[in-house]
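Chemist: The sequence shown begins at 1007 in this note's numbering and counts up by one. We put the beta carbon where it would ideally sit given N, CA and C, even for glycine.
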Amino acid sequence: MNSNRASSIEQPHIIDGVAAASNVVESIKAKVQAEKLRPGLAVVLVGRDPASSVYVRNKKRRAEECGFLSRQYDLPEATREVELLALIRDLNQDPEIHGILVQLPLPPQINPNAVIEAIAPNKDVDGFHYSNAGRLGTGDIEQAMVPCTPLGCLHLLKQVLGDGLRGKHAVVIGRSNIVGKPMANLLMHNDCTVTIVHSRTVEPQNICRQADIVVAAVGIPKLVKADWIKEGAVAIDVGINRVTRTNGESGLVGDIDCDNVLPLTTAITPVPGGVGPMTIAMLMLNTLNAAARSNRLAATLTV
Ligand code: NAD
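What follows is the structure, given as structure tokens:
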């Protein structure tokens, strides 16, 4: 690490995603009470994947905390695609349900694209349906359901930079449909100049080093080193990687080598406690807004 590079910049700050998420949830609770809304979220889990079970439990808990109707459907591992599609059809018609989330990954006998496309776009609170991806891609953000993780990243960036995103060079590392691509679209919509770096990019560190904003969504522990980062950049770490530490204990690390990158940055998200809690908060926000739209209220909260 080059500590001299850090000497001229202000004390970097670690972005508290837990506090930011709790603020969003408080605003949602206040809206739910003020508008007398009862947003309904249906979460479908197929099988018993331990990580997915934890995610689903956390989503259910948050939904209840927000004052939503929260329904969880636990289907067996052997569920056939037609059975899952039939449940989605029912939920599409259910007036109490405004948001439908099918936890991924699905068992191999089920095609995830068929499932995502079966969800009514106005209930697609994950924002993965083609029509929502298309709306985001064409800049029709007001009508789009935007994927929760990139939306949470944008919220954190606005917390640090305010209106200062305009003209910034943002480098997004990763080109997945769930994080990288929608993140790039959101940043472009917010007037950033955007570069996407991916697995086939030549010398990604040289591109990354030009960035005012770095969003890493790769899934490789500590891929982004200090020499990838320009002084004063803002770094958002989406990666969640389970690793075994030297003491034999298991823990989570991000895609950014946080200890060494931190001194160079203006602000950085930690793992855990950064983007993760925001993802769930944004799911609640999308569900609230879906309910508000179905009640013909204006989308009540935005990032
Ligand atoms: P993905 O596997 O679908 O995509 C990874 C992307 O990284 C690919 O586009 C690939 O081109 C790129 N990539 C691979 N190797 C690379 C390299 N050496 N250099 C540059 N790019 C490279 O993963 P994803 O679903 O986008 O998730 C990425 C990470 O974010 C994972 O760790 C995942 O667990 C995490 N994640 C976190 C949240 C959250 O709420 N915090 C949500 C979704 C995903």
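(1) Return the CA-CA distance between Cys1159 and Leu1229, expressed in angstroms with no decimal places.
(2) Does DSSP classify Ser1076 as helix, strand or coil?
(3) Does the distance from the CB of Ile1202 to the CB of Arg1172 come in under 7 Å?
(4) Taking Thr1308 as the reference, which of Ser1300, Leu1289, Leu1043 has the closest Cα?
(5) Would you report the Cα separation of Trp953 and Val1060, rounded to the nearest angstrom?
(6) Could you check if Ala1223 belongs to the surroundings of the ligand NAD, using beta carbon to heavy atom distance under 6 Å?
(7) Which residues in the same chain as Arg1215 place their Cβ atom closer than 8 Å to its Cβ, once the five residues preceding and following it in sequence are excluded?
(8) Starting from Val1031, trace the alpha helix (DSSP H) both ways and give me its first and last residue.
(9) Report yes if the CB atom of Leu1258 is closer than 7 Å to the CB atom of Pro1045, and no otherwise.
(10) With C-beta atoms as the reference, is Ile1286 less than 7 Å away from Arg1068?
(11) Under 8 Å, with one C-beta from each stretch per pair, do the region 1014-1032 and the region 1263-1282 reach the 3-pair mark?
(12) Could you tell me if the beta carbon of Pro1111 falls within a distance shorter than 6 Å of some heavy atom in the ligand NAD?
(13) For Ile1179, which residues of its own chain have a beta-carbon under 6 Å away from its beta-carbon, when the five flanking residues on both sides are left out?
(14) For the region 1022-1032 against the region 1048-1058, do three or more pairs of beta-carbon atoms, one drawn from each stretch, fall closer than 8 Å, so that the two count as touching?
(15) Kindly indicate which three-state DSSP category Ile1213 falls into: helix, strand or coil?
(16) For the ligand NAD, I want to know if Pro1210 counts as a neighbour, meaning its beta carbon is within less than 6 Å of at least one of the ligand's heavy atoms.
(17) In this structure, how does DSSP classify Arg1054 when only helix, strand and coil are distinguished?
(18) Do you know how far the Cα of Ser1033 is from the Cα of Gly1168?
(19) Whether or not the region 1261-1270 and the region 1137-1146 are in contact is what I'm after, with contact meaning three or more pairs of Cβ atoms, one per stretch, closer than 8 Å; do they touch?
(20) When we look at the beta-carbon of Pro1153 and count the other beta-carbons within 10 Å, is it buried (16 or more) or exposed?
(21) Is any heavy atom of the ligand NAD found at a distance shorter than 6 Å from the C-beta of Arg1063?
(22) Is His1135 near the ligand NAD - that is, is its Cβ less than 6 Å away from at least one heavy atom of it?
(23) With a 10 Å radius around its C-beta and 16 neighbouring C-beta atoms as the bar for buried, classify Ala1190 as buried or exposed.
(24) Considering Asp1243, what are the terminal residues of the alpha helix (DSSP H) in which it resides?
(25) Decide if the region 1244-1256 is in contact with the region 1206-1215; the criterion is three or more beta carbon pairs, one per stretch, under 8 Å apart.
(26) Once DSSP output is grouped into helix, strand and coil, what is the label at Ser1137?
(27) Return yes when the C-beta of Thr1293 is under 6 Å from any heavy atom of the ligand NAD, and no when it is not.
(28) Which residue from Ala1126, Ala1217, Pro1114 puts its Cα closest to that of His1104?
(29) Considering only the beta carbon of each residue, do Ala1048 and Leu1110 sit closer than 7 Å?
(30) In the DSSP assignment, find the unbroken alpha helix (DSSP H) run with Thr1155 in it and report its ends.
Modeler: On the basis of the supplied data:
(1) 19 Å
(2) Strand.
(3) When the beta-carbon positions are compared, Ile1202 and Arg1172 stay at least 7 Å from each other.
(4) Leu1289
(5) It is not possible to answer for residue 953, since the shown part of the chain is limited to 1007 through 1309.
(6) Indeed, a heavy atom of the ligand NAD lies less than 6 Å from the Cβ.
(7) Asp1233, Trp1234, Ile1235, Lys1236
(8) 1023-1041
(9) The Cβ-Cβ distance between Leu1258 and Pro1045 does not fall below 7 Å.
(10) In this structure, Arg1068 lies closer than 7 Å to Ile1286 by Cβ.
(11) The region 1014-1032 makes contact with the region 1263-1282: 3 or more CB pairs, one atom from each, lie closer than 8 Å.
(12) no
(13) Answer for Ile1179: Val1203, Ala1222, Val1224, listed in chain order.
(14) Too few Cβ pairs lie closer than 8 Å, so no.
(15) helix
(16) yes
(17) coil
(18) Each residue's Cα considered, the two are about 19 Å apart.
(19) no
(20) buried
(21) No, since every heavy atom of the ligand NAD falls outside the 6 Å radius drawn around the Cβ of Arg1063.
(22) His1135: no, Cβ never under 6 Å from the ligand NAD.
(23) The residue is buried, with at least 16 neighbouring Cβ atoms inside 10 Å.
(24) Note, Asp1243: premise wrong, no alpha helix (DSSP H); beta strand (DSSP E) at 1240-1243.
(25) no
(26) helix
(27) no
(28) Ala1126
(29) no
(30) 1154-1167
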